[in-house]
Every structure is written in structure tokens, then in C-alpha cells.
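Visitor: My structure is below; once you've seen it, I'll send some questions.
Number of protein chains: 2
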Amino acid sequence: MSWANALFRPRCVAVVGSVSEGKIGRVLIDQLLHGGFSDVVAVNPKRQGIDGVRAVSSFGDLPVGSRPVDLAVVATPAATVVDVLEDAGRAGVQVAVIITAGFAEAGHPAAEDRLVRAASQHGLRLIGPNCAGIVNTKWNLFPTLETRPPSGDVAFVSQSGALGGAVLSWAEEQGVGFSKFVSYGNGADLTDVDFLEALREDEETRVVALYIETISDGRAFLRAAADLAAVKPLIVIKSGRSDSGSRATLSHTGSMAGADAVFDAALRQSGAIRAAGIEEMFDLCRGFTMLPAVEGRRLAIVTNSGGPAVLAADRAETSGLRVDPPTDGLRDRLKDRLEPFCSTGNPIDLTVQATKDDYRDVLIDVLDEYDAALALNVNTPYLDSAPLACGVAEAARATGKPVAASFMAGVPARAALPVLRAAGVPNFATGERAVQVLAALAQRATCLALAKAERVSEATIASADSTMQPHISSRLLPWEGNPLEPEAMEWLETLGFPVIERRWVRAADEAATAARTFGRSIAMKAVSRSILHKTDVGGVILDVSSPDEAIGGFERLRAIGADDGVLITPMFRHAVEILVGLSTDLQFGPVIAVGSGGILTETMRDLSLRVAPVSRTEARRMIDELHGRPLLDGTRGLPPCDVDALTDVVVRVSRLALEYPDIRELDLNPIFCTEGGCAIADVRLLRFSQDNQEEDSP
Amino acid sequence: MSWANALFRPRCVAVVGSVSEGKIGRVLIDQLLHGGFSDVVAVNPKRQGIDGVRAVSSFGDLPVGSRPVDLAVVATPAATVVDVLEDAGRAGVQVAVIITAGFAEAGHPAAEDRLVRAASQHGLRLIGPNCAGIVNTKWNLFPTLETRPPSGDVAFVSQSGALGGAVLSWAEEQGVGFSKFVSYGNGADLTDVDFLEALREDEETRVVALYIETISDGRAFLRAAADLAAVKPLIVIKSGRSDSGSRATLSHTGSMAGADAVFDAALRQSGAIRAAGIEEMFDLCRGFTMLPAVEGRRLAIVTNSGGPAVLAADRAETSGLRVDPPTDGLRDRLKDRLEPFCSTGNPIDLTVQATKDDYRDVLIDVLDEYDAALALNVNTPYLDSAPLACGVAEAARATGKPVAASFMAGVPARAALPVLRAAGVPNFATGERAVQVLAALAQRATCLALAKAERVSEATIASADSTMQPHISSRLLPWEGNPLEPEAMEWLETLGFPVIERRWVRAADEAATAARTFGRSIAMKAVSRSILHKTDVGGVILDVSSPDEAIGGFERLRAIGADDGVLITPMFRHAVEILVGLSTDLQFGPVIAVGSGGILTETMRDLSLRVAPVSRTEARRMIDELHGRPLLDGTRGLPPCDVDALTDVVVRVSRLALEYPDIRELDLNPIFCTEGGCAIADVRLLRFSQDNQEEDSP
């Protein structure tokens, strides 16, 4: 029996802890019994049972031949939990859910380690400690302190027990049902990655929602999320975006949050969908469980009122859907059927006189042409909304296409809601929220289609696979410490990277010779281990146009500390400046960045990130995401740049991170991009310090 | 009696139209009577009254000496409305609310004009046609087809009747009460600006909310919005942001929507607050009516659960609030009072064991140091949320400081809601939404403080005043058509603008001479009336460094069509490129833009807009808003630019628009900004065509 089976489909459940009035053990037994699960045994020193639940003083006292206890739910004082686990493990219990708090989150990580060691000796797996329990509605299993939620297709996994509880309490009102719920608290043993893996296979779950503050292992999370997202939608709320958010996360869980931008990029790479908060999560769950796939981006809005339709159309366009006008043929058909004062553009306004038939027939008609529809209805006290909802429901059924509804608002719209729910048409508080969900569905369909297309090419499979499980042999950097810039350039060139033409000179006369050799304007840069930011100290001189100037420049650079000579490169005009870089994230390890380079890097923060390495397709996507992307196509009469060459650089830099694990940071900024290719013009490489590698490496 | 008084506090109301079962006249009378207003008279040919309401066949038949009818609500067929207005006008009715549709919105603008003409002959003012009626809860006055809303401090004005109705229906559930409601439909007579002016003075209204699709007159709207926002919060939902949104607006109201970015800038200038949709509008209304001013940006979050607090803290930081950690003193006091497992950072986590006293005492303590607090509570079925809400309410009362609450979620939190509402503590669905509102309150406090500070300086008064009511004498441009670039530069220089040094040459040898005179690299630009985009056709040559090259350049430019010679300017290196421009908005007239210049203009869309003219303070604010702002402070070792000089250019360009109303578009791009000042390096000026000025001008 797998741990997932023991956890979610136990034959018998033991509740360990006092079952006196007001005690947690009592609440757990009540929840189990009221939820319809009766194979329960109470374990407590007093052998106190309630409501016919039999009790034993320890697992060892369970009668031979009794139904095996697969799952123990533990709510005893913190100091006793190790013994409980030993006892349960010896008796063959397979999973323990530990509600008890007072471990790592309260500053006692050693106590938590003892739990894990005790359990692992017996092959006992743990949820928690410091958690709010679990739920499997399909097994009538509710060993939790929280509201028993309605049954449905969503599995919800929450690092925070309280937030999990809020979601369960809100579910009925939000019209979302759950298959499973897991609060995993400190995640001492089983954690985020394990649940993602288990839920991927779970046939009772069609959508997985996850609330996390920190992740246990960035790369493993990325892999598990991608595997899950390939077969069902994964919706993630990740808190701790801001500084103060991170601080709270820090104090809350005792571990460091990854930088939010990297997390965001990793989620996008995995195909998961990020929700900003609980309301958006509910909206997405409703949409993904109730609607068929949105196989395109053309949205029709059918309404009985202009105002809310315009708000929805606005949101649709900013969310990536297209509210295109109907074709002439469709428009003619609509004109034939509707009164002349109705608007037959898109939004299609049936006006306040809209009938059930209007909604049904118009929706059926437009869905012949559009990929999805939003049915908007603003009700007044003197209109009955239920028949209109029927019309919408009939159209959804007849076409099999995605139809979202927003019947507004308050009391007058209330009659419509059960009609829509019964027909499987999701209703949203506003049209804006409905289109946001439709856009997310369309986005997921696009991602799945792209992933499929990428699998077609063998070459892509290989590189996509290496993205997740890099089999790149690890090599050593050729220096002890951090290299000087010309050394790093030399090394990159040896590896086949396109580095700018250059002379590394140690004397003024060599500088003059170099200037003469290049025969055009040159740039001069100080080379020194002691200068960190060259430009801040005047360590870069541009537009040097004669050997004499070069001599003067050399002397000036020497004066400000160019101890290791001067690097001379030709000036590039009209090249597009791009940054490609590597950094090391504490959660995900090497991260590749592509951005608008030069001064734009600092001011515009025009940057695209991924966990490294990336495939060519992904590298190309990163480049395409930049605001500065049009510059590469040529502006002001310049020819387009060689984007293929740039893509190559991105792919290969991203693999560098895994070939050379000692690289902590690599900045290629700027890379000059032109019609003729790329030229890396500035290199900064920092390696992990060898003395305290343990400390520095992720 | 003002129209506003007659509309909102009529002595007697006439309902004009059939009162048979199911007819609109019947609904209106029912609504009036059920709402508690009994001075009603029915006007219809059959003299049909109901429920004791007396009836006459026309206004002329009203008995002499009867209570005067100040307000008529008209629901007769479209063709009859003119006669009704004539009749009502003759009888001394002061305002008519026309529910009847079928005018401009249905393609009959002439019919609508006839209404206005008929009414104005008698000094009768109109609301509508094609509207949903009005409400004044403080006068028990509900002549509307929509849900009668709860009474409160918010006045809501809606261009869309249906959307207005949705808001009224939702109000009870959202916990927002209304003083007044106006649906003004086509706005044939009284419209947005009139209501803003009237509500500014209305003592029963503390917050004004407005839903608009199009505005009647941009400048008048801006002035009225600013006047209102100076005395009470103005919350605006404006739809029609996107292309399809605008299209729907267009078909809906028969008038053209202004570009959304300009509208957004104008709203910011006026001090109004833009809401993205109805839910946000409700949130803001709840916050602004229930909370005192937020006089700073330091927010304390007091919670019983980490997860939702982190989500709220994240949102706070992105909304401009600061979730700073407590001072050492406060932290010590918190540590003394709370259990060791509570988090005394910020968010302050009282954990699930939080009591009423914990919430009260901790909130009182932190509000000594912070400007506002968010009290978060996540409830479970086994906790009673009402006492905890009491603790929050007591702290709000004791401190008088802004305290917002988010008690979550569903059934377990329901007991808390009436406690909070009774104590005047606004509750929000999520902590994120609560902080968004607190941030808006803080933003408004900042704006009011800034406006006050600006009023202190006499000089600023003058220029701020000129922003709203420009007394700039209008002058003529010195050319018939559009000027050539060197002509426009000459003209700007005459007006005192800093224009780049230049030579306008007509022959190759003049080009060589110019190159020699400048003695450094030059730029050469084709001058021609027929070339629209110089760079696209190779009409700009940069980095020309010798007289020979200049001769070659001249010939090349001549060959591609430089019919009017070549403009030669020195090359600027290391200058920051800025764009300053004027354009003409259909709603607001002249608009001033400042942006990152050169290639950044096209790719980064880093632009700040205002309705012209602007004061120095406002011009400076525009510059400070740019993402590229840090460039002006000097990067890569360059000295900071002369931002004062740039501010001057912005102010003076913005006034140019009013001095020379013939300017349709002016692009100064780039302006080279350096330590030494500004140099306008490229000018493009388009005037309104003189043939069809009527058509082109706003």
C-alpha cells in the first residue's frame, strides 16, 4: 500500500490524544463520525472512547485480528509525539498526521528531526507537524479541525493550516468542491513535491490548487509541477513576494524564501498557473473544473446591458483574449433575429428586453464562430433571471463550447445561480473575473499545444529533457579565484562563444599600437581585481579615436588603479545592446537572464528569467518576451539583428551553469547584436568562494 | 429652487405614463409609495390612479392651489415625450427624469434635440432620456426601476442604467449605503459635470462614485472633478479602455471615447481615484465612508494566521504602503504581552490562540506607532469570531485611527460581520483588498497635503490656476502649412527654447564648410516636406567626421529626396535622450507628454501624460514618474543632468499648446539632456489643416 493510499483511503483511523470535551482529539473524532467515517479507534492513556468509538491505551493494545490502522492522527503534547510514533510504527501504522505544534516553527528543529528519525525506522510517513489535518471527500474522510468542504474535483494542498481552513470554509459559498485537502504544516517528511506527485495520478482529482510560502527543493518542485501540469491544471498561490512578505514567511517557517521573480519564472516554465490570492484561486478552480478547454482566443460577449460588457471587454483585451467583431455573415444573422435597437457588434447587447430564447439562440450562433462566450446578465427586481440562465445553460449544452456566466447582482440574480450550477455553467461575481478565467484556460491550451509541438522534434525532446534533468558533466573553472575580464573573455572564446575583438595591453605604447591597428574609434577599460564597478570610478573611456588619445587614456586608467593593464575593443555603433547573465537562486540554483542591455538594464528592468538550462525554443521565447524586442528587428532604418546567434548564446550560457557549477554569477553586458551576429563586449564572472563553498552554494 | 433641489427634494412628484399592471409607470409609483414618498400624482390620458394616488390627464389639469410638482418622471412612448415636456414646462415643473428610450442611443439624435429645445423654453431641466431614474434615500425618494438601496453616505452617478441597477442590488450585501443615485442615460441636458458640481455641495454625501463610458466635455469634467475631489473622495469607473471596449462604447452612446491613457492622466491630475470595476468601487466606498484619513504609509498587520497575512503584506508593499518592523520598544512590549510562539515582527501573528483582549491591546499598542492597521482573522468552526471582532472594534474606537478588518471566511466568520459593521470597522473579503483600500486612503491624504503645500506659494497658485483656467492669449503660427524642421527650430529658438546648434545647408560645399566649422562629429538630416519618417528612408546620417564625408552625405540625402536641403548638427554623446511632445485629445484638447526619448520611445513606451498646461510642480512630477528617471541623475560615472532646465521646457511646451491653438502635434524627440542643460535636437510640428479646421479640431 502506498503512503498516498494509506493516507487517503485508510482502512481504519486512530486518533491519538485526549478526547475530553474541548480537546482536539474530541473534535477530530466528531469530524470523522459526522463526515461518515466510522472505522475509528481512540488512542489515549485513559482508554477514553466516545460515541461508541472503541479506545485503547496504545497501538500495542489493539486486539489481534482487528481492522488494521493505516492512518494515525496525532494531537498529543509535543514532548510525547516521538513515543507515539514509535508505538504506531511498531504496530504497522503507515502514515501519521501530526496536528501538534511546537517544533521547527517554534524554534525546536531538533525535536522535529527526532520525529522524522523515529518514523523512518518503521517506514512510517509523516504529514506535519503543526498542520490542520487532511480530507478525502471521496472516502468520507475528515480528520481535520476545519470546516468539512463540499465534494468536488479540486485537490487543495496548503502549507498554512489557517489559510487552508479559510478556503474550506469559503468553498460552499464559492461553489467549489474538493476531492482532497492536505495541510502539511512544517512538512518535516512528506511535503509539496510528494503531494504534487501523488495527485498527478489521483483519478478523483481534476485540478490541483496549492498554497505555499516556501518550497523544499526548487528543482524537484519544478519537475513535479511540470509533470503534474502536463496532465491537469495546477494553480499556485505563492506568498512572500515583497520584502515584508518574505520577512513574515521567514519568521513563520524558519526557511528562506526564493526570490519571487525566479519563482514566477519557474512556475511559468512548469506550465502552472499563478493566482494572486484566494478569490482568484476559487475563480480558476471553478473555471477549470466546469469548463471545456478554450481552444482559441476569440471571445464573444453576449449581454443585456452595455456597461458591464464594456468593462469585461476591456479586461479581455488586457488578458490576451480578442473581442473581435463578428463576421459579416454572423452579423447579418444576428440582425435578422434581434430588434433593431440591439447592438450586433461584440459585445452583443440584447438589451433589457432579452428573453431566454435570445440568450440561447444568440449564444449558439456566435459559438459557431468564436472560441468561447461570456453571458452577462444584469438583473432588476422586476425581471426573472432564472429563465435567462436556462437559455445560457441550454446553449452551453448544445454547443459543448466554453460558456462562462456573470449574472449580477445581489438578490435579483439569485434565482439564476442554482440553474447555472446545475447545468455546469460557472458563474462569476463580475464579467471581468469571468474573462480572466477564460484567458487562463486559453493560455493553458496554448501551453499544452506548444509542449506537444515541441515534443514532435527529436532534437527538442533532448534539449527539453535536459532542462529538467540535466546530464551535463561537471567541470572545473580554470582559475583559483575570480578571473580578470580578459581571462574570462579568453576562456569564453575557447568554448566557442563570440567575444569582441580586443587587445589586452600593459603599457601606453601598446595602447597606441592597438589604436592604430583597429583604425577606428576604440573603447578602453581598466583591468583590475580591485575595481568592482569600472564605470563608477571612470574606468571606462569611450570614443578614443587616435593613438595619442589612447596613450592619454592608458595613463588615466593606470592612475585610477588599472593594475592589470587595459582592455581595448573597437567601438560598436548602432548595435543593439543585450544582457545575458547567470545568477544563483537559493531555491532553484542557476538562473538564466536575458535583458535589454547597457543603461537599459538598470533603468528599465527589462528582463526575462528562467531556471537554467533552457532549450532553443525556450531561449527564443525569453528573447521574444523583452519589451526591447522590436529593437532586434531593426529600427531607424537599421537591418534586423541575427536573433539566431543571440539565441545560441542564451542556450549555451544556460548550459554553462551546469557544466561549471562553480559559477556563482556571470554577466555578459552588453552583448552587441547586429546583422552580422553577436559580440560579447563585457564579461564579469564571479565564482563561489572556495573557502566557504558550503555556505555560499545553494 | 435649484434644479438639484427640485430633483432630489421635490415637494410633489408626477409619474407620466400608463399605470396599468406591468407598465413602467406602475412600477415607478409602487417604488415611490413603498419607499415612503406619498406626494405623488399620476399623469395619463385615462386619468388612471392606483393605491389612492390621484390622477390627472395632463399637468394643465392639476387643481389650482395643489402642492407644486417639482419633478416629473416620464415613461411615455418616445414620440409623445416632447408634448409631455411642453405640458410639464408650462405647468412650472422644474426637472424631468425621462426613462423612455429610443433617442440618440437608437440613432435618433434629432428627436433628442427636440426634447432639449422644448424643455429649455420653459427652463425645465432634463435627466435622461434612456435612463433608469434617480434616488434620494434621505428624502425617501425612489423614482427608479432598480432595487431600492440602503441609506448611506455615497452618491452614485451612472451613465449606464443597468450597471447602476446592479450596483444598487448589490449594495446591501456589500455593506455600502447610498445617499443619492442618478442614472443619466444619454445625458441630453444635465450630465456628468452637472452632477459633480451639485454633489460637491451636497451635505448628505461624503463620497461620490461615478461610472462613465464617455464624458461630455473633457476640460469641464477635469475642472468639476478637481473641485469635487478637493472636498470629498471621487471614485471613478471608466470603461472603454481597450479597442473592443471603445467600440462597444461607441455603439452604445453615439459619441467617441477619449484615449484611455489621457483620461487616466486627467483623473490623476484631478485627484480622483480610478477603480477597475464594481467590486473595487464598493471596497473603496466602504473604506472612504467608514475610515478616518490614513495620514502616513506605515501599516501594521495583526493576524491570527501567517498565510493570509503574508499575502496582505505582499499587496501592501506593491500598493505603496510600508509594512515596516516595529521599533525595539514596541517589540519588547509585544514580547511581554504575547506568548513566545507569537510572531512580534510585522505581520504580528497572535496565532490561533488569539483572544479578544489580544486583538484589542495589540492593536492599540501598534497604532501608537503605525498610521493604520489591518486586523486579519481566519476562523475555524470551533472558534467564535464575534468576541475577536469586538476586540478589533474596541481598538478602533479607542485609538480613532484607521483600522480595516478581514474576517475570513464563509460561515465561521459570519458572526463577526454585524459586530464590525455596528462599530464602523469596514470588513473586506481578503486582506489584499483591505490593504488596497488603505493604500488609496493614504494616497488621497498625500494628494491633499501636496495640494495644500502648493497653495502656500503664490507663484504656484498662479500656475496651478492656469492649469485649470488658462488665460493665455491665443496667437497664430507664422506659417501657412506645416513648417520644415529648421523653420520650426528657428521659431522655437525665437520663443526662447534651447535648440541645438545647427546649419541648414543647400549645397554640398556648404555641408563641408559646416563640418569644418563644428570641428567634431556631426549628424546630417534630410529636410523635405515629402519625407514623413526620415529614418525609415535613410534620411539621417550619424557620426560624419570629415568635410569629405559631409559632401558624400549631402549627395546621398539629396538622392533620397532632401528637396529643401540638409540640416547639420553636432553629435551629442552621453546625453540622456528625452521626448517632450504635444498631442490633441478629442476629449481633453492639448495633452503634454514627457518620455524616455530616442529608440526608447518606441520600444519601452516610457511616457508620462497630462492635460496641458502644467505647473512646474506637475512638470517635475511627470519627469519623476519616468522609469528612465535614474538616467537623469547620471549613470556610468556621468554627471547629473540639469533637470530644472528640462522642467522649464516641459512647462513652456505645455503652455505653447494654448498660446498656439493651431498646433495639432509637436514632437521634440530627442532633447539631449546634459549637465549643461537641454538641447532640442529634432522637431516635428503638425498644425491643424486650415481647410477643415472644424473637422480636425477638438
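Chains W and F, in that order, give the protein sequences. Residues in the first sequence are numbered consecutively from 5, following the numbering used here. Residues in the second sequence are numbered consecutively from 5, following the numbering used here. The beta-carbon is built from N, C-alpha and C at its ideal position, and this holds for glycine as well. Quick caveat: nothing in here was measured; it's all calculated off a predicted structure.
Relative to the C-alpha of F/Ile564, which residue among F/Asp547, F/Ser534 and F/Pro574 is closest?
Guide: If we check each option's Cα against that of F/Ile564, F/Ser534 comes out closest.
Visitor: Can you check whether the CB of W/Tyr363 is closer than 8 Å to the CB of W/Ala3?
Guide: Not covered by the structure: residue 3 of chain W. The range shown for chain W is 5 to 702.
Visitor: What does the alpha-carbon distance come out to for the pair F/Glu217 and W/Tyr188?
Guide: The alpha-carbon atoms of F/Glu217 and W/Tyr188 are separated by roughly 48 Å.
Visitor: State the Cα-Cα distance for the pair W/Leu232 and W/Leu214, rounded to the nearest angstrom.
Guide: Taking the straight line joining both Cα atoms gives about 12 Å.
Visitor: Straight-line CA distance for F/Arg251 to W/Arg319?
Guide: Because F/Arg251 sits at a pLDDT of 41, beneath the cut-off of 50, its placement in the model cannot be relied upon, and the following sentence gives the value as read from the coordinates. C-alpha separation (whole angstroms): 14 Å.
Visitor: By the three-class DSSP mapping on this structure, what secondary structure does F/Ser410 have?
Guide: Residue state, collapsed to three classes: strand.
Visitor: Let me know the secondary structure DSSP gives W/Leu454 once reduced to three states.
Guide: In this structure, W/Leu454 counts as helix in the three-state DSSP scheme.
Visitor: Which of the three DSSP states is assigned to W/Val570 in this structure?
Guide: Here W/Val570 sits in strand by DSSP.
Visitor: By how many angstroms is the C-alpha of F/Leu660 removed from the C-alpha of F/Leu546?
Guide: If I take the Cα positions, the gap works out to 30 Å.
Visitor: Under 6 Å Cβ to Cβ from F/Ala276, same chain only, skipping five residues before and after it: list those, please.
Guide: Around F/Ala276: Ala229, Ala233, Leu238 and Val240.
Visitor: Between which two residues does the alpha helix (DSSP H) holding W/Trp495 run?
Guide: Start and end: Glu489 to Thr498.
Visitor: Once you ignore the five residues that flank F/Val180 on each side, which residues in its own chain have a CB closer than 7 Å to its CB?
Guide: The answer, listed in chain order, is Gly156, Val158, Phe286, Cys289 and Arg290.
Visitor: DSSP state of W/Phe160, grouped into three classes?
Guide: W/Phe160 falls in the strand class under three-state DSSP.
Visitor: Are there 16 or more other CB atoms within 10 angstroms of the CB of F/Gln98, so buried, or fewer, so exposed?
Guide: Buried, by the Cβ-count rule.
Visitor: Would you please state the rounded distance, in angstroms, between the beta carbons of W/Val60 and W/Val45? I believe it to be under 8 Å.
Guide: Confirmed, Cβ separation roughly 6 Å.
Visitor: Check for me: the beta strand (DSSP E) holding W/Met626 runs from which residue to which?
Guide: Run containing W/Met626: none in the beta strand (DSSP E); it sits in the alpha helix (DSSP H), Arg620 to Glu629.
Visitor: What separation, rounded to the nearest whole angstrom, lies between the Cα atoms of F/Gly395 and W/Ala317?
Guide: C-alpha separation (whole angstroms): 43 Å.
Visitor: Whose C-beta lies closer than 8 Å to the C-beta of W/Asp375 among residues of the same chain, with five residues either side of it excluded?
Guide: Cβ neighbours of W/Asp375 beyond the five flanking positions: Val298, Glu299, Gly300, Arg301, Arg302, Leu303, Lys405, Pro406 and Ala446.
Visitor: F/Trp143 lies in the beta strand (DSSP E); which residues open and close that run?
Guide: Careful: F/Trp143 lies outside any beta strand (DSSP E) and carries neither H nor E.
Visitor: Which residues in the same chain have their Cβ closer than 7 Å to the Cβ of W/Val4, if we skip the five residues on either side of it in sequence?
Guide: Since the first residue shown for chain W is 5 and the last is 702, residue 4 of chain W is missing from the structure and cannot be characterised.
Visitor: For F/Val68, is the classification buried or exposed, using 16 other Cβ atoms within 10 angstroms of its Cβ as the cut-off for buried?
Guide: That one is exposed.
Visitor: Please report the straight-line C-alpha distance between W/Gly543 and F/Leu371, rounded to a whole angstrom.
Guide: Distance between the alpha carbons of W/Gly543 and F/Leu371: 50 Å.
Visitor: Residues in its own chain within less than 7 Å of F/Gly26 by CB, not counting five upstream and five downstream?
Guide: So the list is empty, once near-sequence residues are dropped.
Visitor: Would you please verify whether the beta carbon of F/Ala446 is less than 8 Å from any beta carbon of chain C?
Guide: Given the protein chain composition of this structure (W and F), no chain C is represented.
Visitor: Among W/Ala511, W/Thr639 and W/Pro113, which has the Cα closest to the Cα of F/Lys538?
Guide: That would be W/Thr639, whose Cα lies nearest to the Cα of F/Lys538.
Visitor: Examine chain F for any beta-carbon lying closer than 8 Å to the beta-carbon of W/Ala279, and answer yes or no.
Guide: Closer than 8 Å: no.
Visitor: Run through DSSP, which three-state label would F/Thr588 get?
Guide: In the structure shown, F/Thr588 sits in a strand (DSSP, three-state: E or B).
Visitor: Please check the pair F/Ile138 and F/Leu194, which I expect to be a contact at CB under 8 Å, by giving their CB distance rounded to whole angstroms.
Guide: That pair is no contact at about 11 Å.
Visitor: How many angstroms separate the CA atom of F/Thr651 from the CA atom of F/Ala685?
Guide: The straight-line gap from Cα to Cα measures roughly 17 Å.
Visitor: Say whether the stretch 28–44 of chain F touches the stretch 141–150 of chain F, bearing in mind that this needs 3 or more beta-carbon pairs closer than 8 Å, one atom from each stretch.
Guide: Judged by Cβ distances under 8 Å, the stretch 28–44 of chain F makes contact with the stretch 141–150 of chain F, as three or more pairs qualify.
Visitor: Helix or strand or just coil, what does DSSP make of W/Gly258?
Guide: Residue confidence is low: W/Gly258 scores 25 on pLDDT, short of 50, so the model does not pin down where it sits. Its coordinate-derived value is still stated next. In the structure shown, W/Gly258 sits in coil (DSSP, three-state: anything other than H, G, I, E or B).
Visitor: Can you give me the Cβ contacts of W/Asp365 inside the same chain, cut-off strictly under 7 Å, excluding the 5 residues immediately before and after it?
Guide: Arg341.
Visitor: As an exercise, report each continuous alpha helix (DSSP H) stretch of at least 4 residues that is fully enclosed by the stretch 44–105 of chain W, in chain order.
Guide: Within the stretch 44–105 of chain W, the complete alpha helix (DSSP H) runs of at least 4 residues are 85–94.
Visitor: Report yes or no: is there a C-beta of chain F within less than 8 Å of the C-beta of W/Gly310?
Guide: So, interface residue.
Visitor: Tell whether a beta-carbon distance below 8 Å holds between F/Glu176 and W/Gly29.
Guide: For F/Glu176 and W/Gly29, no; Cβs fall outside 8 Å.
Visitor: Grab the span of the beta strand (DSSP E) containing W/Val595 for me, first residue to last.
Guide: Gly593 to Ser600 is the span of the beta strand (DSSP E), which, as asked, contains W/Val595.
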